[in-house]
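See structure below.
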Amino acid sequence: MLDNKTVLGIDISQSTINMALLRDGADGVTLVKAAHCPVPDGAIKDGKIEDSVLLSKAIKTLKDTNKIRARRAAVSLFSQPVLMQIIDMPKNLPANIGQFIHNEVKRCVALSGKEIALDFCSIGSLAQRGTSRIFVLATEAENVAGIARVCNSAQLNIEVIEPPILAYARAFYPQKIAGRFDCNVLMGIIQDNILTLGVFRKQNLDFVRSKEIDREATQPEELCYWLADQINTVIKFYDVEVSDSYPQWEVTVVADCPQLPEGVEETLKAKVDCPELSFRTPQNAFQDTFINQNAGSDHPSVVAVGLGMKLLDTDDINLGVNLLPLESAEVKSFKKHVLITANIIAALLLPMIFVSGALSMMTNKVNKNIAHIKRTEFIDDMHSLLREEAISDKQIISLSEGIEQMNKILESRHSLPWYEFLNELRTATPSNVRITELFSKANSKIYLKGLASSYEAVHLFVKMLNKSEYIDSASLVETERESSHRGLVSYEINFSLVMKKGS
Amino acid sequence: MLLDNLAKSNRLSRNTVSAVMIVLSAIAMYNWIVAPRAAYLRAVQKHEIVAGNIAQKSEVISKNVVAKRKELQELQEQFTKLRDTLFTPEQAKEFLSDLQTISEEAGCSVYSLNILTAAPSRERQQSQDTSYILPRSATLTVIGVYEKIIKLMERLQVRTQRVWVDSIKMEIFDYDSAEPKCDITITLYTVEDEEAAV
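The structure is reproduced here in C-alpha cells:
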C-alpha cells in the first residue's frame, strides 16, 4: 500500500539512471530498494534531453522491472546549463526580491536571452552575518519542463527537481556537515564532466561554484592536479577574502569520473593542504550517509537517496529550492483536487443509483399489485356495473310502482266466487221456499225476495243462509202472508256477502 | 481560462468550488435520477390506493347489482304473476267480444250485451305518470236456467284473468225449470302499456 512515507529519488546523469526507494519508519529512514540502468543511447546529449520518449521509457521500465512504486518522487537536475549562485542581498532589501534575483540571473551569459526557471532561498539569518544571503538555482525553463514531461510520461509524480550537489549535501549532512562549527566543510562533486564545489560553514552553505572539467586535462594525473587546484583555489579564497574563516578544512570529493587515476585520494591529499580529505566514488559514497539499508540494494546512488530525503522532510540543511515550476505543482494539486471531487461525486452517484434501483423495484411491485387488482377485480366493468345498477334501480322502481298499482286495484276489489255462492244458495233454499227476485247492491249486499209456504219455511231459509260461509248475517226484513198468492208468505231477506279481498 | 484561474486559486477557493460542484452534482443527480422515480412511485402508489378503492367500490356495487338483479327477478315474477290476472287490451277485446259465445256455450241465451267505454280510472287519475291499468266494464243480460247461469258465472270467473262481478239481478226463477232473466255487470282490468312494466 502506498503512503506518503514511501518516496522515490531518481538520479539521472548522462550515463546512468539511479533510483532509491526510501521509507520513513519508526527506525528512521530506510533504503527499501535501489536500482539503476544505463541511459539509452541518444536519450541525453550534452546535458540536454534528446529523446524524451526513449528516456521516459527507460525510467518506466526500470521502475516497473524493480516493482518500485511511490506516490511522490524527486528527480535530479541533470540538464545543462545550471546556475548556482549565492547572492549577498543589499541591506535595503528590494520590495520585489524575486524580480531582483531574476534580473541578477539574467546577467549570466549561459542563461541570457532564454526563458529561465529559478528558485531561491535564504541562507542563515540576517543576524549571523549582518546581511542576508540568497542561494539561487537557475536553469533554462525548457530543461525543467523537459524533465517534468519525461517523468510524467514515466508515470512518476514529481514534486522536486534539484541539482545533485544539494542531494549529496542532504545525504551527507549528519556525518559530514552537522556539528562542524570549528571548521569549513568543502564538498566537491564531479558528475557529467562538471565539478561542483560547495563550502559549508556553521552548517550553512556558504559558497558554491560549478565548473566544467578542463578539456585540456585529458590525462588522469592532469585531471587530478586540476581538481586539486580547484579545491586549493577555494581554500585560498577563504584564507584571503573571508576574515572569519576557520583554518581547518574537511574536504569530501565524490567523483563519478572514470578518467581519474587510482590512488587519487593520496594524490589529492598531497596536493591539497588538508589532512581531512576523503575521496568517494558513487559505489562507496553511501557509507557516509545515515540511511539504513535493506538487503539487495547494492551501490545505491547517494544523489537518489538525498532526493528522496528531501521529500521525507529530513531536510536539516536549510536549502529549500525546487525548480519544479510552481504552476506544475498547482496543476498537480488542482488535478488531485479535481480527482477527489470527481470521486466524491461518483460516490454520491452510486447510492443514488441504488436508491433509484430500489425505487424502480418498489414501483414494479406496486405496478404488479395494480395489475393484479385490475385483473382480479371488476374495475374495468365499473361503468357497466353502474349502468346496470342504474337500469336495475329504474326497473325496480317501475315494477314496484306497477305492482303497487295492481295490488292497490286488486285490494280495492272484493271478490266472490258467484258460481259457488249461487250453488250454496240453491242448497240452502228449502223446497217450500221460492225466490222471485235476487239482486245485489253495492257489490256485497244481496236482496232476496220470494214466496214461502209458511213462516217457518222462511225462518228455516234464513237459518240455512246464516250457515253459509259466503253469507254474513242474513236477516229477514219483511214477511207477509199474501192472499193473492193462495195464502203463501212473501218475504224479503237481505244479507251481506263474505268478501275476500284481492284474490 | 477558468481552469487556469481555478488551478491558481487558493485552497479555500478550491474547496468552495468543489463543495459547490458536489452540492450541485448531488442536486442534479437527485433531480435527474432519484426525483423522477420517486415521483413516479408516489403516483403509482396513489394509483394503487385509487385502484384498491375502486376495487372495493366495484365489489360493493357488484354485490348491489347481484342483489338488485335478484330483487328485480322477484319483482318481475311478482309482476308477471299479477299481470297475468289482468287482461291485455287484446285479451280484453277478445274476451268481451266472446261474451256471447261464452254465454251460449254455458247454455244461456244473450238478451243484451252492453260494453261500456273505457274511462280513466280513479287510480289513473291519482297517479298520472305510472298508471297504465284501465278498467273495462260490460253489462250482460242473459236468459237461462239457474244451473246454466251458475255455469256461466263459473266460465266468467274461473280463468287466469280476473273478472269481477259487480252486480247481479235475477227475477222469477225456479232452480230447475224456469229460465230467469239475469243481469250481470262485470269489470275487468287491462294493462295498457306493457313496455313500461318491462
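Those protein sequence lines, which keep their order, are chains W and U. Read left to right, the first sequence gives residues 473 to 975 (the numbering used here). Read left to right, the second sequence gives residues 148 to 345 (the numbering used here). Cβ atoms here follow ideal geometry from the backbone N, Cα and C, with glycine treated the same way.
In chain order, what residues of the same chain lie with their CB nearer than 7 Å to the CB of residue i, ignoring the 5 residues before and after it?
i      : result
W:C655 : Y718, Q720, W721, E722
U:V310 : L303, Q304, I333, L335
W:N794 : D591, V632, I633, E634
W:V949 : E964, I965, N966
W:Q571 : none
W:D496 : K477, L784
U:A239 : R283, L335, T337
Measuring straight from C-alpha to C-alpha, what distance separates residue i and residue j?
i      : j      : result
W:S962 : W:W890 : 25 Å
W:L932 : W:Y942 : 17 Å
W:L969 : U:A214 : 43 Å
U:F226 : U:A253 : 32 Å
W:S870 : U:V257 : 41 Å
U:S172 : U:E206 : 49 Å
W:V905 : U:K295 : 21 Å
W:N665 : W:I816 : 51 Å
W:L677 : W:H574 : 21 Å
W:D944 : W:F911 : 16 Å
W:V989 : W:I531 : Outside the displayed span of chain W (473 to 975) sits residue 989 of chain W, for which this structure offers no information.
U:L222 : U:E318 : 46 Å
W:A700 : W:R605 : 28 Å
W:P512 : W:Q765 : 28 Å
W:A830 : W:G780 : 50 Å
U:N162 : U:I174 : 18 Å
U:S259 : U:T286 : 8 Å
U:P327 : W:A900 : 19 Å
W:D853 : U:I280 : 38 Å
W:R859 : W:Y919 : 59 Å
In its own chain, which residues sit with a C-beta less than 6 Å from the C-beta of residue i, not counting the 5 before and 5 after it?
i      : result
W:E954 : L960, S962
W:F893 : Y942
W:L638 : L791
U:D330 : T288, K316
U:I249 : R302
W:V725 : G660, F751
W:F758 : P772, V774
U:L299 : S250, A253, C255
U:S274 : Below a pLDDT of 50, predicted positions are generally treated as unreliable, and U:S274, at 42, falls in that range; the measurement from the model is reported next regardless. Around U:S274: no qualifying Cβ.
W:L798 : none
Leaving out five residues before and five after residue i in sequence, what residues of the same chain have Cβ atoms less than 8 Å from its Cβ?
i      : result
W:L583 : P553, L555, V577, A610, T611, E612
W:I685 : I662, N665, I666, L667, L695, W698, C729
U:D313 : S284, T332, I333, T334
U:V181 : none
Identify the continuous beta strand (DSSP E) that holds residue i and give its terminal residues.
i      : result
W:R752 : 748 to 752
W:V511 : It is not in any beta strand (DSSP E) - W:V511 carries neither H nor E in the DSSP assignment.
W:N676 : 676 to 684
U:L260 : 256 to 262
W:T488 : 488 to 497
W:Y891 : Run containing W:Y891: none in the beta strand (DSSP E); it sits in the alpha helix (DSSP H), 890 to 900.
W:A924 : 917 to 924
W:E928 : Element bounds for W:E928: not the beta strand (DSSP E) but the alpha helix (DSSP H), 927 to 939.
W:S717 : That residue, W:S717, is in no beta strand (DSSP E); it is neither H nor E in DSSP.
U:E326 : Unbroken run through U:E326: none, as it is neither H nor E.
W:F672 : 666 to 673
Could you spell out the range, first to last residue, of the alpha helix (DSSP H) harbouring residue i?
i      : result
W:L526 : 524 to 537
W:I943 : Not the alpha helix (DSSP H): W:I943 falls in the beta strand (DSSP E), residues 943 to 953.
W:M781 : 774 to 783
W:M971 : Per DSSP, W:M971 belongs to no alpha helix (DSSP H) and is neither H nor E.
U:M300 : 293 to 304
W:Y710 : 692 to 713
W:K563 : Neither: W:K563 is in no alpha helix (DSSP H) and is coded neither H nor E.
W:E738 : 736 to 743
**OP:** Output, in sequence order along the chain, the residues in the segment 169 to 180 of chain U whose CB is closer than 8 Å to any CB in chain W.
**Re:** I169, S172, A173, M176, Y177, I180
**OP:** Using a Cβ-Cβ cut-off of less than 8 Å, list which residues of the segment 211 to 229 of chain U approach chain W; keep chain order.
**Re:** N211, V212, K215, R216, E218, L219, L222, Q223, Q225, F226, L229
Original post:
What are the complete alpha helix (DSSP H) segments, minimum 4 residues, inside the segment 810 to 875 of chain W?
Top reply: none
**OP:** Would you list, in chain order, the members of the segment 521 to 545 of chain W that have their beta-carbon closer than 9 Å to a beta-carbon of chain U?
**Re:** none
Subject >> 4 or more residues per run - each alpha helix (DSSP H) lying fully within the segment 566 to 652 of chain W >> reply: 569 to 578, 598 to 601, 613 to 625, 636 to 644
**OP:** Could you please tell me which residues of the segment 864 to 877 of chain W, in chain order, have their CB closer than 8 Å to any CB of chain U?
**Re:** S864, D865, Q867, I868, S870, L871, S872, E873, G874, I875, Q877
Original post:
In chain order, which continuous runs of the alpha helix (DSSP H) of length 4 or greater are located wholly inside the segment 174 to 258 of chain U?
Top reply: 182 to 231, 236 to 244, 246 to 253
Original post:
Given a limit of 8 Å on CB to CB distance, which residues of the segment 893 to 913 of chain W reach chain U?
Top reply: L894, N895, R898, T901, R906, I907, T908, E909, L910, F911, S912, K913
**OP:** With 7 Å as the C-beta to C-beta threshold (strictly closer), list the residues of the segment 826 to 851 of chain W near chain U in chain order.
**Re:** V827, S828, L831, S832, M834, T835, V838, N839, N841, I842, I845, K846, E849, F850, I851
Original post:
When Cβ atoms are compared, which residues of the segment 296 to 315 of chain U fall closer than 9 Å to chain W?
Top reply: I296, I297, K298, L299, M300, E301, R302, L303, Q304, V305, R309, W311, V312, D313, S314, I315
Subject >> Near-chain W residues of the segment 194 to 210 of chain U (beta-carbon distance less than 8 Å), N- to C-terminal order >> reply: H194, E195, A198, G199, I201, A202, K204, S205, E206, I208, S209
**OP:** Could you name the residues of the segment 793 to 816 of chain W whose beta carbon sits closer than 7 Å to any beta carbon of chain U, in the order they occur along the chain?
**Re:** E802, V803, F806, H809, T813, I816
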